[in-house]
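Quick notes on the structure that follows.
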Amino acid sequence: MKIGFIGAGKVGFTLGKYFRMHGVEVTGYYSRSIQSAKEAADFTRAQAFTNAEDLIATSDVLFFTLPDGAIRDVYEGLRSEEIQNKIFCHCSGALTAGEAFPDIEQYGATGFSVHPLFAVSDKYHAYEELADVFFALEGSAAKLSFMESWLKGLGLAVKVIAPEAKVKYHCAAALASNYVIALLSLSRGLLTECGFSVEDAEAALRPLFSGNARHMADDGLEKALTGPVERGDLGTIRKHLACLSPAQAQLYRLLAQKLVMTAERKNPTRDYSSIKEFLETANLKGRFA
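Numbered by our numbering, the letters in the sequence shown go through residues 755 to 1043 in order.
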């Protein structure tokens, strides 16, 4: 199949290079910035197009590697009888295929969401990591099995999800990626209250965070869990809560309740009932205070 890209940002670079490295013909790129299209085309040994219609005509599959808010508008500007038998894909984690390409099957084409569960940070090297990345796939039923087989044939890990699960899927991704930053920001703030500079606080947290992330990646969530909740140390949990503001304490309690569930899976014979009772009582007090 011949693959074209509408949009020449980091995701377009990354997928195009990966496809090219795995024997797929990349026809080229169209972008509002011809310079960006040329740069991506040079990187993937493809062609830069000055209009999207020519790219569509020479491609079997079109990947819309655009900001979420632009995907549907660009599609609506391109839909016509000329897209018949084409496969349109977008890479948004939040949008379903139906939201991005709402009437595509009326034009004899099919639409899919192909989302890599991965933060693309370096457009020149991220393709080297895609073999370890899960791709969530959903879209037109007529060619769903075909798309799944094709992507897996390129060495990618693919999980088909239902359109109605897309928001929950994206929420899970945001929690594991963006919201971890919120927790680290809170930790950094607490360390600065202990006399650390912002720079020293980040330096201190770096090995703690990266070591735990490696442990989780190597051994799984349960084995990576340590700390007062896992140990069943209610006294330390009480002290932690006492040093926090009410809003911070509420967040701590909610997260601790989730950690207890993980701890119980790690240590099925350990009794966590006193911690669970304390956290539930504390949550109720905070909720109705």
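Think of the CB as a built atom: it goes at the ideal place given N, C-alpha and C, for glycine as much as any other residue.
Keep in mind it's a predicted model, so treat the numbers as computed, not measured.
### Query
What runs of the alpha helix (DSSP H), each 4 residues or longer, lie entirely inside the segment 845-913?
If only uninterrupted alpha helix (DSSP H) runs of at least 4 residues are considered, those enclosed by the segment 845-913 are 851-854 and 898-907.
### Message
According to DSSP, simplified to helix, strand and coil, what is Tyr1026?
### Response
Translated into the one-based positions of the sequence shown, residue 1026 becomes position 272. In this structure, DSSP gives Tyr1026 a state outside helix and strand, which the three-state scheme calls coil.
### Query
Does DSSP put Ile757 in a helix, a strand or coil?
Counted from its first residue, the sequence shown places residue 757 at position 3. Strand at Ile757.
### Task
Taking only runs that begin and end inside the segment 798-843, name each unbroken beta strand (DSSP E) of 3 or more residues, in chain order.
Whole beta strand (DSSP E) segments, 3+ residues: 801-803 and 815-818.
### Task
Check whether the Cβ atoms of Val874 and Thr768 lie closer than 8 Å to each other.
Reading the sequence shown from its first residue, position 120 is the one you call residue 874. Reading the sequence shown from its first residue, position 14 is the one you call residue 768. Yes. Within cutoff.
### Cβ shell of Gly782 (< 7 Å), same chain only, five flanking positions each side left out
Working through the sequence shown from its first residue, we reach residue 782 at position 28. Gly758, Ala795, Ala800, Gln801, Ala802, Phe803 and Leu809, listed in sequence order.
### Task
On a CA-only basis, which of Thr1016, Asp987 and Leu1033 is nearest Arg1007? Give me that one, please.
Reading the sequence shown from its first residue, position 253 is the one you call residue 1007. The candidate whose alpha carbon is nearest that of Arg1007 is Leu1033.
### Task
Report back the beta-carbon spacing between Val914 and Glu902 to the nearest angstrom; my notes put them in contact at under 8 Å.
The residue labelled residue 914 in the question sits at position 160 within the sequence shown. The residue labelled residue 902 in the question sits at position 148 within the sequence shown. The pair is a contact, with the Cβ atoms about 6 Å apart (cut-off 8 Å).
### Task
Examine the ligand SAM and report whether any of its heavy atoms sits within less than 7 Å of the Cβ of Arg799.
Among the components of this structure there are no ligands whatsoever, and the ligand SAM is therefore not found.
### Query
Straight-line CA distance for Lys877 to Tyr772?
Counting from one through the sequence shown, the residue named residue 877 turns up at place 123. Counting from one through the sequence shown, the residue named residue 772 turns up at place 18. Each residue's Cα considered, the two are about 11 Å apart.
### Query
Taking Glu918 as the reference, which of Glu859, Ala848 and Leu910 has the closest Cα?
If you number the sequence shown from 1, residue 918 lands on position 164. That would be Ala848, whose Cα lies nearest to the Cα of Glu918.
### Query
Do Asp814 and Lys906 come within 8 Å of each other at the CB atom, strictly closer than that value?
Here residue 906 refers to the residue found at position 152 when the sequence shown is read from its first residue. Here residue 814 refers to the residue found at position 60 when the sequence shown is read from its first residue. No. Outside cutoff.
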